[in-house]
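Peer 1: Taken in order, the sequence shown gives residues 1 to 458; the numbers are from the UniProt record's numbering. This is the structure I want to talk about, given as structure tokens.
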Amino acid sequence: MPPNSYLSNRIKLIIIGGGITGYSLAHEAAKLEIESIVLDNGQPGTTHAATGILDARADHLTRDLDSVVETAKQIIEWQNGFPYQSWIIKPKRFLLPIGPLTPHGSFLFDSLFKIYEKVARLRINQLPDKHCIISSSLLERMEPNLRRGGYFDSAVLFWLWTTDPDALLKKVHDEAVIMSSFSRRLPIKKIAGFTINNSYIESISIENNSGKIIKISHSGPLVIINTTGPWIEETLKDLGIKFGTELKLGIQAKFLGHYFQSDSGLITFGEDGKYIICLQEKGYLQVGPTNNSFQGLPNNPGTAENDLNCLRKTLTYTLEKGYPLPSPQILKHGWRIKPKYFIDTDRPVIWHHRKDGIENLYTAVPGKMALGLLTARELLMRLAHDGWLRKTMPVPKTNLSLDGGRIGRNRLKLLWFYLKSNFILGWHFIIITINRILGLGIGNENPALSKTGKKERG
Numbered sequence: 001m002p003p004n005s006y007l008s009n010r011i012k013l014i015i016i017g018g019g020i021t022g023y024s025l026a027h028e029a030a031k032l033e034i035e036s037i038v039l040d041n042g043q044p045g046t047t048h049a050a051t052g053i054l055d056a057r058a059d060h061l062t063r064d065l066d067s068v069v070e071t072a073k074q075i076i077e078w079q080n081g082f083p084y085q086s087w088i089i090k091p092k093r094f095l096l097p098i099g100p101l102t103p104h105g106s107f108l109f110d111s112l113f114k115i116y117e118k119v120a121r122l123r124i125n126q127l128p129d130k131h132c133i134i135s136s137s138l139l140e141r142m143e144p145n146l147r148r149g150g151y152f153d154s155a156v157l158f159w160l161w162t163t164d165p166d167a168l169l170k171k172v173h174d175e176a177v178i179m180s181s182f183s184r185r186l187p188i189k190k191i192a193g194f195t196i197n198n199s200y201i202e203s204i205s206i207e208n209n210s211g212k213i214i215k216i217s218h219s220g221p222l223v224i225i226n227t228t229g230p231w232i233e234e235t236l237k238d239l240g241i242k243f244g245t246e247l248k249l250g251i252q253a254k255f256l257g258h259y260f261q262s263d264s265g266l267i268t269f270g271e272d273g274k275y276i277i278c279l280q281e282k283g284y285l286q287v288g289p290t291n292n293s294f295q296g297l298p299n300n301p302g303t304a305e306n307d308l309n310c311l312r313k314t315l316t317y318t319l320e321k322g323y324p325l326p327s328p329q330i331l332k333h334g335w336r337i338k339p340k341y342f343i344d345t346d347r348p349v350i351w352h353h354r355k356d357g358i359e360n361l362y363t364a365v366p367g368k369m370a371l372g373l374l375t376a377r378e379l380l381m382r383l384a385h386d387g388w389l390r391k392t393m394p395v396p397k398t399n400l401s402l403d404g405g406r407i408g409r410n411r412l413k414l415l416w417f418y419l420k421s422n423f424i425l426g427w428h429f430i431i432i433t434i435n436r437i438l439g440l441g442i443g444n445e446n447p448a449l450s451k452t453g454k455k456e457r458g
């Protein structure tokens, strides 16, 4: 605990990392008139490599319903935060064809989306429409290049909130740095070292782009927050700090040409059961991402040939037999950092490095891009709890983040979230099934499909 003299908004934050989390933290701190410096090396990170889908996956309801619902609320927060920038966050229509490689049939997908729309009402209220199940004939008319001959027996049509990740990052940067006098960006080449005295970081040395070493300190209380995403361990390696995390490499491929006609995104599955997202852009198709374990430093993907071949193979199963495909190119790549819990999670994780012998050092990862602002607010609340800020600051209404220093406790919490989510989903599923039996008759394997080929409401 810092001394009482630190309980002041004279504190300065040094934020390492110029991604969504770093600039969201600077933005939220500025609202409280807290000064901050963002040390940004300009290296494209996780945000740049993202697909741009903000919504949580519907099937993640089975492992953490509360996280999925909160993600939906946070998308509304982003929209309210930038009310005159509606082009940054906008809805996009998607198709999910249901075929032999799809993990569930139309009944389960229909039920899952029904539950999603019920538990996350705020999200669906602002989308153009709810989901629906469409027939294979309508799917073929919408996308004539998809595999025919009954390979896909139906499809889910639904809407998701999407963004241009680079545009969103620029907007948060501008709000935090340009529109505020409390935050500033300092371009750097790398962190050169830390000066530590009595378990307290007194200063950070950085090397700027000209090779000059600059020492950053503050006459008042100083807190350092590491928000470097997949580089969090590399950033603090000189301090000997280890994280119980692993890296997942996501590669997105580029196939030159025009493949899809309906201006819909497409979600399809490969033989390994993993899904990929296909987005038709002007002159090329964006396909990916992969999601494979990665060893080493997150500086380059190494050989990506296997990943590209995997994406090409999945696309081959999706398109009509014999459809000509050019050799794929790497469009972009990035790394996702994952805590090593036995249940995967998209919740933010915040570490206080007191257990590593440093009182004023924290690390934060948001889990999902849409949770950047929430992570920032909960981190500031953590600073208030630890005595760095006055506790009269606005208290966030959420408590979504996990304490990175409590691995055992987090595993138990995630298990509880999993059991709780599946109990709630099971109850909803029973109600949906009973309603279907009473309303549509027993024995209809696919009651949501229209025999005429017209789409019906989900």
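From the three backbone atoms N, C-alpha and C, an ideal C-beta is built for every residue, glycine too.
1) DSSP on I430, reduced to helix/strand/coil?
2) So, is G22 buried or exposed, given that buried needs 16 or more other C-beta atoms within 10 angstroms?
3) Provide the residue span of the beta strand (DSSP E) that contains E207, from first to last.
4) Count the other CB atoms, across all protein chains shown, that sit within 10 Å of the CB of I11; report buried if there are 16 or more and exposed otherwise.
5) In whole angstroms, give me the CA-to-CA distance for N80 and G149.
6) Taking its Cβ as the centre, do 16 or more other Cβ atoms sit within 10 Å of P144, making it buried, or is it exposed?
7) Report the partner residues of Y362 according to the DSSP bridge assignment.
8) I'd like to know if the stretch 41 to 56 and the stretch 279 to 295 are in contact, where contact means that at least 3 CB-CB pairs between them fall below 8 Å.
9) Out of S203, G404, V119, A155, which has the shortest C-alpha to C-alpha gap to L13?
10) Excluding the 5 residues preceding and the 5 following I115 in the sequence, name in chain order all residues of the same chain whose CB lies nearer than 7 Å to its CB.
11) Which residues mark the beginning and the end of the beta strand (DSSP E) in which residue 468 is found?
12) Measure the C-alpha to C-alpha separation of A176 and S67 and round it to an integer number of angstroms.
13) Measure from the alpha carbon of R63 to the alpha carbon of each residue in R347, A376, I437, then state which is nearest.
14) Measuring straight from C-alpha to C-alpha, what distance separates G372 and K190?
15) For W351, count the other beta carbons within 10 Å of its own beta carbon; 16 or more makes it buried, fewer makes it exposed. Which is it?
16) Round the Cβ separation of R390 and A384 to the nearest angstrom and send it over; I've been treating them as touching at under 8 Å.
17) Please report the distance separating the alpha-carbon of G265 from that of L127.
18) Run through the DSSP bridge pairs and tell me what G367 is partnered with.
19) Using only alpha-carbon positions, find the residue among F255, F342, E271 that is nearest to L308.
20) Can you tell me whether DSSP reads Q126 as helix, strand or coil?
21) If you count every other CB in all the chains shown that lies within 10 Å of the CB of R336, and 16 or more means buried, which is it?
22) Could you tell me the alpha carbon to alpha carbon distance between I16 and K170, rounded to whole angstroms?
23) Quick one, which of D403, I134, G250, C278 has its alpha-carbon nearest D263's?
24) Scan the stretch 125 to 191 and note each continuous beta strand (DSSP E) run of 3 residues or more that stays entirely inside, going in chain order.
25) Which same chain residues, not among the five before or five after W161, have their C-beta less than 7 Å away from its C-beta?
26) Measure the alpha-carbon distance for E271 versus I133 and round it to whole angstroms.
27) Quick one: grab the DSSP three-state call for Q280.
28) Tell me whether the beta-carbon of V69 lies closer than 8 Å to the beta-carbon of I232.
29) Counting only the same chain and skipping the five closest in sequence on each side, list residues whose C-beta sits under 8 Å from that of N9.
30) In whole angstroms, give me the CA-to-CA distance for G273 and G220.
31) Within 10 angstroms of its Cβ, does G443 collect 16 or more other Cβ (buried), or is it exposed?
32) Put K114 into one of helix, strand or coil per three-state DSSP.
33) For L319, which residues in the same chain have their Cβ closer than 8 Å to its Cβ, ignoring the five residues on either side in sequence?
34) Secondary structure at A58, three-state DSSP: helix, strand or coil?
35) For K242, name the three-state secondary structure that DSSP assigns.
Peer 2: Walking through what the data contain:
1) Residue state for I430 is assigned as helix, using DSSP reduced to three classes.
2) For G22, the number of other beta carbons within 10 angstroms of its own is at least 16, and it is reported as buried.
3) 200 to 207
4) buried
5) 46 Å
6) Residue environment analysis places P144 among the exposed positions, since fewer than 16 neighbouring C-beta atoms fall within 10 angstroms of its C-beta.
7) According to DSSP, which records beta bridges pairwise, Y362 is partnered with I225, H352.
8) yes
9) Out of S203, G404, V119, A155, S203 has the C-alpha closest to the C-alpha of L13.
10) L61, L425, H428
11) Since the displayed the chain opens at 1 and closes at 458, residue 468 lies outside it and no answer follows.
12) 26 Å
13) R347
14) A straight-line Cα-Cα distance of about 23 Å links G372 and K190.
15) buried
16) 7 Å
17) 15 Å
18) G367 is not bridged to any residue.
19) F255
20) In this structure, Q126 counts as coil in the three-state DSSP scheme.
21) buried
22) Spanning the alpha carbons of I16 and K170 requires a straight line of approximately 17 Å.
23) Minimum Cα distance to D263 is reached at C278.
24) DSSP runs (the beta strand (DSSP E)) wholly in the stretch 125 to 191: 132 to 135, 154 to 163, 183 to 187.
25) The answer, listed in chain order, is L54, D55, I75, I89, P91.
26) 23 Å
27) Three-state DSSP puts Q280 in a strand.
28) no
29) Model confidence at N9 stands at a pLDDT of 48, short of 50, so the residue's coordinates are unreliable and nothing is read from them.
30) A direct Cα-Cα distance of roughly 53 Å separates G273 from G220.
31) Note that G443 has pLDDT 39, beneath the 50 cutoff, so the model's placement of it is unreliable and the number below is only indicative. With fewer than 16 Cβ atoms within 10 Å of its Cβ, G443 is classed as exposed.
32) In this structure, DSSP gives K114 a helical state, which the three-state scheme calls helix.
33) N145, L146, R147, Y259, L325
34) helix
35) coil
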